[in-house]
Amino acid sequence: MNVKRKVIAAAVGAAISPVVLVALPSATASAHGYVNSPPSRQAQCAKGTVPCGAIKYEPQSVEGPKGLRNCHGNNAAFAELSDDSKPWKPTAVGRTVTFNWTFTARHRTSNYEYFLGGQRIAVFDGGNAQPPANVSHQVNLGNATGRQKVLAIWNIADTANAFYACVDLQVS
Ligand SMILES: [Cu+2]
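Position in the sequence shown (from 1) plus 241 gives the number in this note's numbering.
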């Protein structure tokens, strides 16, 4: 009887500990947000469009200090997002593009910014309010044509951080 209980306890312990190890990262990974359409680089990683490392498990987690202008938010583990030589699949678009954000944590929002070729092409006020789970913005790309990379930034109001997403486009 005692031996049997010990065996069961050991089996339960062995079964539980790997679950805990897996659950901790995914709990933190459930926070934040990213551009899911047109598919951002992290969305392409998550979908398996492009082979990627850790970012494929948490496309919503490209978080870094405000004011950055790269695709990986200075996260060394996600540096490949800023690698323009990876086979990112550009989305064919016209002059006006609707960018759709998915939020898994609805942080109060300062604003959203869009950059193209180092120029800020659009800004949308967040009203220091909590956004809905999905937010869309229409952005005019001006005279840009051909292969382009838009950097979309979600500046949140409840921390010093922002979320970054690069979107590859083929503009015609
Ligand atoms: Cu968050």
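Glycine included, each C-beta is placed from N, C-alpha and C at the ideal position.
The model shown is predicted, which means the values in this text are computed figures rather than measured ones.
| Item | Value |
| --- | --- |
| Taking contact to mean at least 3 C-beta pairs separated by less than 8 Å, is the stretch 365-382 in contact with the stretch 335-352? | yes |
| Residue 398: beta carbon under 6 Å from a heavy atom of ligand 1? | no |
| Bridge partners of residue 390, per DSSP? | 409 |
| Hey, could you find the ends of the alpha helix (DSSP H) residue 295 is sitting in? | Premise fails: residue 295 is in no alpha helix (DSSP H) and is neither H nor E. |
| By DSSP, does residue 302 sit in helix, in strand, or in coil? | helix |
| Any idea what DSSP makes of residue 361, helix, strand or coil? | strand |
| For ligand 1, is there a heavy atom less than 6 Å away from the beta-carbon of residue 401? | no |
| Please identify the residue among 375, 335, 400 and 392 whose C-alpha is closest to the C-alpha of residue 363. | 392 |
| On the DSSP bridge assignment, give the partners of residue 378 in chain order. | 340 |
| So is residue 361 buried or exposed if we call it buried at 16+ other beta carbons inside 10 Å? | exposed |
| Tell me whether residue 406, by its Cβ, gets closer than 6 Å to a heavy atom of ligand 1. | no |
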